[in-house]
Each structure stands twice: as C-alpha cells, then as structure tokens.
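Each residue of the sequence shown is one higher than the one before, counting from 48 in the working numbering. What follows is a set of notes on a single structure, which appears directly below.
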Amino acid sequence: MTRYVRYFAAAAAGLIFAPIACAQDLVHEPISPTFGGNPFNSNHILGTATAQNDYRDPRATSSSSQADIFARQLQSRLLSSLSSQIVDAIFGDNPQESGTISFGGQTIEFFRSLDSVTLTIRNDDTGEETKIVVPLFVEVQ
48 MTRYVRYFAA
58 AAAGLIFAPI
68 ACAQDLVHEP
78 ISPTFGGNPF
88 NSNHILGTAT
98 AQNDYRDPRA
108 TSSSSQADIF
118 ARQLQSRLLS
128 SLSSQIVDAI
138 FGDNPQESGT
148 ISFGGQTIEF
158 FRSLDSVTLT
168 IRNDDTGEET
178 KIVVPLFVEV
188 Q
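Laid out in structure tokens, this is it:
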C-alpha cells in the first residue's frame, strides 16, 4: 500500500507543479494585398518585385544611333510645323471655310460651321477615321 501512496503522491505533485498548457487557433494572415493582406504592403511588395526583376525585352533597343535620334527629332519638328500650318489655316488671320491636307499616308479634312470646326483625320491605308469637333466661341458685343 505504501507503494501506491508514493505513486499517488508523485502523480499529485506532478499535476500541481506542472506548467499550465494553453492553446490558441492558428490564424494565417496573407502579406500580399492581392490575397486579402494589408493594402499598405503593396508599394513594398511592388518595389521588391521590381528590384528582383532582371528580365530585359530582347526586342527593345537600349541605345539609339545618332542618325535615329536625328530622324526622330526631324520628324517631330516637321509634324509640329505642319500642325501649326493647319491651325493657322483654320483659326489664323484669314481662316478658311474648309480644306484638305494630305501627308504621310494620312488625310486631314476640316470644315467650319457656325459654331464649330470639324476635323476628320483619315488613315489612307486602313481607312480608319478620327473626328474632332472644336467649338467656336463667338464674342457678343
């Protein structure tokens, strides 16, 4: 009987002095805002992904020759000059009622009405048209 008392006393002491075990539910919180995470993480995640991206488009040219740069600048200046001439023909000192201008596979037609100017830009190759209506403001005196 003393043997059982010793086992019982040891078991009681073990239960009394044993640490209390606690448990809680495991909760997964996603980091990415795409999957329901904190929306303030998006800039950090995008910056990290961009920094790790070492893919380069093989079709992209990283450097342009002097001739390419010159050709682009010349084209830009010519188109700017042409658009200035069109604006002058429509709104200048001696405005025209209508007109047609063709260049580089495109045709621009304009027509002046009492309250607006209608521009039609047509791609000669595809037939695609873009219409722009510019309202005219008439001063009443």
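Using N, Cα and C, we set each Cβ at its ideal position, and we do this for glycine too.
My assumption, with CB atoms under 8 Å, is that residue i sits in contact with residue j. Please give the rounded CB distance.
i	j	result
PRO80	PRO86	5 Å
ILE155	ILE133	6 Å
Quick one: residues in its chain with C-beta nearer than 7 Å to the C-beta of residue i, no 5 flanking neighbours on either side, listed in chain order?
i	result
PRO182	ASP162, SER163
Can you tell me the Cα-Cα spacing of residue i and residue j, whole angstroms?
i	j	result
PHE184	LEU126	27 Å
HIS75	GLN153	59 Å
GLY139	GLY174	29 Å
PRO148	PRO142	The sequence as given places Ile at residue 148; Pro does not occur at that position. Looking at the two C-alpha atoms, the distance is approximately 15 Å.
CYS69	TYR102	49 Å
PHE157	SER123	22 Å
SER145	ASN170	19 Å
GLN113	ARG106	19 Å
ALA98	GLY84	21 Å
PHE82	GLN71	24 Å
ILE137	PHE150	17 Å
SER89	LYS178	40 Å
LEU73	ASP104	43 Å
SER111	GLU176	32 Å
Among residues of its own chain, excluding the 5 on either side of residue i, which ones have a beta-carbon nearer than 8 Å to its beta-carbon?
i	result
ASP172	GLY152
Cutting at 6 Å between CB atoms, please list the residues of its own chain near residue i, excluding the five before and the five after it.
i	result
THR165	PHE158, VAL180
- When the Cβ atoms of the segment 91-99 are set against those of the segment 109-119, are three or more pairs found closer than 8 Å? The segment 91-99 vs the segment 109-119: no contact.
- Message: Just to confirm the assignment: which complete alpha helix (DSSP H) runs, minimum length 4, are found wholly within the segment 149-181?
- Response: With a minimum length of 4 residues, no continuous alpha helix (DSSP H) run stays inside the segment 149-181.
- Message: Give the list of continuous alpha helix (DSSP H) stretches no shorter than 4 residues that lie fully inside the segment 56-143.
- Response: Within the segment 56-143, the complete alpha helix (DSSP H) runs of at least 4 residues are 89-99, 113-138.
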